[in-house]
Each structure stands twice: as structure tokens, then as C-alpha cells.
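Counting from 9, one number per residue, gives the positions in the sequence shown under the numbering used here. The C-beta atom is built at its ideal place from N, Cα and C for all residues, glycine as well.
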Amino acid sequence: MMSGEQTKALSRLERGSVTVWALTVIALIMLVTYAVVVVGMVRVARHRAQAAADLSALNAARVLLADHAHACREATTLAHANGAVLQRCDVTDETVDVRVAIRTTLPLRGVGLHVITARARAGPAEASRALPTPQ
9 MMSGEQTKAL SRLERGSVTV WALTVIALIM LVTYAVVVVG MVRVARHRAQ AAADLSALNA
69 ARVLLADHAH ACREATTLAH ANGAVLQRCD VTDETVDVRV AIRTTLPLRG VGLHVITARA
129 RAGPAEASRA LPTPQ
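1) Go to Asp98, then tell me how far its beta strand (DSSP E) extends in each direction, as first and last residue.
2) Does any residue of chain D have a CB that is nearer than 8 angstroms to the CB of Ile110?
3) Whether or not the stretch 29-42 and the stretch 84-103 are in contact is what I'm after, with contact meaning three or more pairs of Cβ atoms, one per stretch, closer than 8 angstroms; do they touch?
4) So, with DSSP's three-state summary, where would you put Asp62?
5) Go ahead and label Gly131 buried or exposed: buried means 16 or more other beta carbons lie within 10 angstroms of its beta carbon, across all protein chains shown.
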């Protein structure tokens with residue numbers, strides 16, 4: 009059993025250890041929260057890019073029925089309206105295949121501006137099955 013003097017000496021040595029542990033736990037919680045926020049930002053940007061690609065392809069396919077020459081121009085207009093840049097637009101028979109890009113800024117050192125791309129195809133169901141998937 010420890011004497012009163014030994015207990016006081018041990019108590020003095022451990023003084024402040026709770027503060028160190030508390031700061032470590034707080035730093036860990038902040039790091040995990042930061043990682044969750046960054047992953048969330050990337051997912052939101054990815055969904056925005058895919059929505060822009062889907063809408064651009066659908067609009068181009070709609071225009072394709074009436075005016076084959078202006079389908080990609082309409083895809084470009086709708087991509088810009090959704091904050092994206094049309095990178096590629098291919099018209100094959102009754103099908104439109106588009107690729108768009110969205111630039112987003114991530115709060116990571118060394119990454120900063122990041123480009124996220126998405127691809128979509130629109131047209132009649134029968135025509136889409138017959139086409140090979142572009143790379």
C-alpha cells in the first residue's frame with residue numbers, strides 16, 4: 009500500500025495528462041470531421057457533373073429528333089447552364105453521347121482546383137443497346 013507522500017508525488021506527476029488526452033481526442037475528431045466534409049464535397053460535385061451530363065444528353069436527344077445539326081449546340085448550352093463544360097458530344101444515328109466536366113475547389117493543400125467529369129447517353133432504348141460503350 010502507498011503512503012500519503014507517495015500518492016501526492018504520483019498525483020503531481022500525472023497532473024495535466026487529462027489535458028493532453030483531451031486535446032488529442034479533439035484533434036482526432038476535427039480530422040475525421042474535415043475528412044467527412046471533403047468526401048461530401050467531392051460527392052456533391054460528382055452528382056452535379058452527372059446531372060449536367062444527363063440533362064445535356066437528354067436535351068440533345070430531344071433536339072436531335074427535329075434538327076440533327078444543332079443537337080450538340082443544345083448540349084453545350086445546357087451544360088453551361090448547369091455550371092459544366094461540354095468536353096465531348098458524339099451523335100450516332102438517334103443517340104447522343106456527351107461528356108461534361110465541372111471544376112470544383114477542394115480545401116486540401118496541394119489539390120485546390122479539381123476537375124470532375126461525367127458521361128451520359130440518351131436516345132431510343134433500342135439504339136442505345138446496339139452501340140458499343142465509348143472509352
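If we stick to the structure as given:
1) Val93 to Thr100
2) Structure shown: chain D not included; a single protein chain is present.
3) no
4) helix
5) buried
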